[in-house]
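Down below is the structure, laid out as structure tokens.
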Amino acid sequence: MNAATNTDAPSPGSILAVAAAGPLLVLVAFTLPLTTLMSTAGALGVGPGIQAWIMSGMSVGAAAGLLSSGAIGDDYGRRRVFVGGALLLAIASILGALAPTALVLVIARVLGGLGGAAILACGLGLIGHTFPSGAPRARATGVWAAALGAGVAIGPLLSAGLDHLGGWRLPYVFTALAATALAGTARRVLPESRAPVPRRIDLAGTLLLGGGIAALLSALVEGRMGWDRPLVVALLVLGLVLLAGFVAVERRIEGPMLDIALFRCPDFLGATTAAFAAGAGVLSLVSSLPMLLERALGTSTLLSALMLLAWSATSVVTAFGVRWLPTGVTPRTQLIAGLLGSAAGQLGLIGLSLDGTLTRLLPALLIAGAAYGVLNAALGRQAVASVPAGRTAMGSGANNTARYLGSAAGLALVTVLVTHAGPGSGPAGLLAGWNVAVLVTAGFSLLGALVVFFAHERPAPETAPARENTPPGSA
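Residue numbers (the numbering used here): 5 to 479.
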């Protein structure tokens, strides 16, 4: 085992519990607006444009910060960055709870995304450091993946209940308290770890990547109000220029934040593509389902959240169950099966009608949930297995960045298709647009499965992984 061992060292089980509590809390925070957006918008008096930012602000912050926070954690201490992320999430949640205007709330959501990025990247990096490859790491990453699904399951119901009890600000108060508790527990329980040979912070790469991703995602959010507006075009161009600059810088410098050559590794390419396809495919479609049910069918907020629970709860169960798969079922096979199963579940959501019943959706949601649980567990495992020893948090950051980028692009696309692809803006038009969105997002899942299928890792002699440095007394 790579983790530090001494008489006071925490058990691997306690490390896993804290590391998995991180994504659970981050996804709870991420999904808060799914069931509180209408009450928030009413209280702050905002229209569709700002509502889109309230929904997407945390995605922008998370996607912009995932890779850099993972790389910094690898070099300067994963526990340190994890704790810092939890504290930033707590501060952002307090700011959201006290927000006097929608602009302050959006800023709080973006800051919360940055904090969540540090938690996600370094939590999985700590798991990769603590648990050796093989069955122990497969079990641990399955628990981490199940925590992701549990956050999606719990978040909308928790926020709806707290909103009913004390208004839309109360869920942010809860998140602030939980994040503070997580930071304190992580400081006591998690061992410090870092790469064998720490690198200097890649400041140019951090700024170029963060700025480029933030600009692109901002364009996707603003694009929902019209893609031909000068602001949207300017943000798209700026994002592409900054990302091109990032690639150029990473190719030239010594010790880059992201080694571009990793994309020539089939395992890394397959895992990254699968993460993007998961975000652009099933995740974006299912996340849009509550909005469709409420706007087109007049479904209550609570019932919409329960429909989402059918998908997310199933994903939790299957993510836990992946540990019992035969050893011959490789992570690559799980990625392909997960994406194909997700596509099948997505296609089952087509054909909604105004006089239909919601129970018709349950089989498709259960299939998609089971597939996503398998996919999630394999993504977590491959994220740390497909990168060099000592760069596990960076691998986690890269994988989750791809997922958030896919999700942001997919959500923007689904929103446009639902509202514009059908005949008119009434319920029938929304349902017709939804059918188009189902086909397009299922296509992302299928395309991702094809890329993973054709990405083959050439056999290579096994070498002993480098041991990571664990500072004395860090436990």
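For every residue, glycine included, the Cβ atom is placed at its ideal position computed from N, Cα and C.
All of these numbers come straight from a predicted model, not from anything done at the bench.
(1) Out of 162, 334, 350 and 115, point me to the one whose CA is closest to residue 90's CA.
(2) Quick test of the definition: if touching needs 3 or more C-beta pairs under 8 angstroms, does the segment 340 to 356 touch the segment 440 to 447?
(3) Taking Cβ positions, are residue 342 and residue 382 nearer each other than 8 angstroms?
(4) If we call anything under 8 angstroms between Cβ atoms a contact, is residue 182 one with residue 29?
(5) By alpha-carbon positions, which one of 298, 207 and 289 ends up nearest to residue 253?
(6) Under 8 angstroms: do the segment 210 to 222 and the segment 38 to 49 share three or more Cβ pairs, one atom per stretch?
(7) Does DSSP classify residue 198 as helix, strand or coil?
(8) By how many angstroms is the C-alpha of residue 374 removed from the C-alpha of residue 295?
(9) Output the distance between the C-alpha atoms of residue 95 and residue 228, rounded to the nearest integer angstrom.
(10) Hey, quick one: how far does the alpha helix (DSSP H) through residue 240 stretch, first residue to last?
(11) Go ahead and label residue 328 buried or exposed: buried means 16 or more other beta carbons lie within 10 angstroms of its beta carbon, across all protein chains shown.
(12) When DSSP labels each residue in this structure, what does residue 228 get in the three-state scheme?
(13) Skipping 5 residues on each side, what residues in its chain have a beta carbon closer than 6 angstroms to that of residue 354?
(14) Is residue 71 closer than 8 angstroms to residue 401 when the C-beta atoms are compared?
(15) By the 10 Å Cβ neighbour count, where 16 or more other Cβ atoms means buried, how is residue 33 classified, buried or exposed?
(16) Quick one, which of 262, 155, 139 and 280 has its alpha-carbon nearest residue 397's?
(17) Taking the alpha helix (DSSP H) that residue 1 belongs to, which residues open and close that run?
(18) Would you kindly work out how many angstroms separate the C-alpha atoms of residue 344 and residue 103, rounded to a whole number?
(19) Count the C-beta pairs between the segment 275 to 288 and the segment 408 to 418 that are closer than 8 angstroms, then say yes if the count reaches three, no if not.
(20) If you measure between the beta carbons of residue 491 and residue 250, is that distance less than 8 angstroms?
(21) For residue 63, which residues of its own chain have a beta-carbon under 6 angstroms away from its beta-carbon, when the five flanking residues on both sides are left out?
(22) Going by C-alpha to C-alpha distance, which of 303, 312 and 388 sits closest to residue 360?
(23) Measure the C-alpha to C-alpha separation of residue 474 and residue 196 and round it to an integer number of angstroms.
(24) Under a Cβ-count criterion, where at least 16 other Cβ atoms within 10 Å of its own Cβ denotes burial, should residue 265 be classed as buried or exposed?
(25) For residue 24, I'd like the list of residues in its chain whose CB is within less than 7 angstroms of its CB, leaving aside the five on either flank, ordered along the chain.
(26) Does the beta-carbon of residue 260 have 16 or more other beta-carbons within 10 angstroms, so that it is buried, or is it exposed?
(27) Within 10 angstroms of the Cβ of residue 471, are there 16 or more other Cβ atoms? Answer buried if so, exposed if not.
(28) Whose C-alpha, out of 85, 99 and 418, is nearest the C-alpha of residue 127?
(29) Give me the residue from 82, 65, 158 and 165 with the minimum Cα distance to residue 120.
(30) Quick one: give me the first and last residue of the alpha helix (DSSP H) that residue 431 is part of.
For this structure:
(1) Counting from one through the sequence shown, the residue named residue 90 turns up at place 86. Among 162, 334, 350 and 115, the Cα nearest to that of residue 90 belongs to 115.
(2) Per the Cβ contact rule, the segment 340 to 356 is in contact with the segment 440 to 447 (3 or more Cβ pairs under 8 angstroms).
(3) If you number the sequence shown from 1, residue 342 lands on position 338. If you number the sequence shown from 1, residue 382 lands on position 378. In this structure, residue 342 sits near residue 382, with a CB-CB distance shorter than 8 angstroms.
(4) As a first step, residue 182 must be located in the sequence shown, where it is residue number 178. As a first step, residue 29 must be located in the sequence shown, where it is residue number 25. Yes. Within cutoff.
(5) What you label residue 253 is simply residue 249 of the sequence shown in a count that begins at 1. Out of 298, 207 and 289, 207 has the C-alpha closest to the C-alpha of residue 253.
(6) Because the criterion of three Cβ pairs below 8 angstroms is not met, the segment 210 to 222 and the segment 38 to 49 do not touch.
(7) Counting from one through the sequence shown, the residue named residue 198 turns up at place 194. Residue 198 falls in the strand class under three-state DSSP.
(8) Counted from its first residue, the sequence shown places residue 295 at position 291. Counted from its first residue, the sequence shown places residue 374 at position 370. Straight-line spacing of the CA atoms in residue 295 and residue 374 works out to 22 angstroms.
(9) Taking the first residue of the sequence shown as 1, we reach residue 95 at position 91. Taking the first residue of the sequence shown as 1, we reach residue 228 at position 224. Annotation: residue 95 to residue 228 spans about 29 angstroms, alpha carbon to alpha carbon.
(10) One-based indexing of the sequence shown puts residue 240 at position 236. Boundaries of the alpha helix (DSSP H) harbouring residue 240: 234 to 256, taken from the DSSP string.
(11) The residue you call residue 328 lines up with position 324 of the sequence shown. By the neighbour-count rule (16 or more Cβ atoms within 10 Å), residue 328 is not buried but exposed.
(12) The sequence position of residue 228 within the sequence shown is 224, counting from 1. Coil.
(13) Here residue 354 is taken as the residue at index 350 of the sequence shown, counted from 1. Cβ within range, chain order: 439 and 442.
(14) On the sequence shown, residue 401 is found 397 positions in, with the first residue counted as 1. On the sequence shown, residue 71 is found 67 positions in, with the first residue counted as 1. Yes, they are a contact pair.
(15) The count along the sequence shown starts at 1 and reaches residue 33 at position 29. Residue 33 sits buried, since 16 or more C-beta atoms from the chains shown fall within 10 Å of its C-beta.
(16) For this step, residue 397 is matched to residue 393 along the sequence shown. The option with the nearest alpha carbon to residue 397 is 262.
(17) Outside the shown range of the chain, which is 5 to 479, sits residue 1, and nothing can be said about it.
(18) Counted from its first residue, the sequence shown places residue 344 at position 340. Counted from its first residue, the sequence shown places residue 103 at position 99. Whole-angstrom Cα-Cα distance: 42 angstroms.
(19) Verdict: yes, contact present.
(20) Coverage of the chain is limited to positions 5 through 479, which leaves residue 491 absent and any answer about it impossible.
(21) Taking the sequence shown and counting its residues from 1, the one referred to as residue 63 is at position 59. Taking C-beta separations shorter than 6 angstroms and ignoring five residues to either side along the sequence, the partners of residue 63 in its chain run 408 and 412, following chain order.
(22) Translated into the one-based positions of the sequence shown, residue 360 becomes position 356. The shortest C-alpha separation from residue 360 is found at 303.
(23) In the sequence shown, residue 474 corresponds to position 470, counting from 1. In the sequence shown, residue 196 corresponds to position 192, counting from 1. Note that residue 474 has pLDDT 44, beneath the 50 cutoff, so the model's placement of it is unreliable and the number below is only indicative. Residue 474 and residue 196 have their C-alpha atoms spaced approximately 6 angstroms apart.
(24) For the purposes of this step, residue 265 is identified with residue 261 of the sequence shown, where counting begins at 1. Per the 10 Å Cβ criterion, exposed.
(25) What you label residue 24 is simply residue 20 of the sequence shown in a count that begins at 1. Within the same chain, residue 24 has close Cβ partners 147, 148 and 151.
(26) Walking along the sequence shown from the start, residue 260 turns up at place 256. Label assigned to residue 260: buried.
(27) Translated into positions along the sequence shown, residue 471 becomes position 467. For residue 471, the predicted structure reports a pLDDT of 44, less than 50, and the residue's modelled location is therefore unreliable. A value from the coordinates is still provided. So residue 471 counts as exposed.
(28) Start at 1 with the first residue of the sequence shown, and residue 127 comes out as number 123. If we check each option's Cα against that of residue 127, 85 comes out closest.
(29) Your numbering for residue 120 matches position 116 in the sequence shown. Cα-wise, what sits closest to residue 120 is 65.
(30) The residue you call residue 431 lines up with position 427 of the sequence shown. Start and end: 431 to 458.
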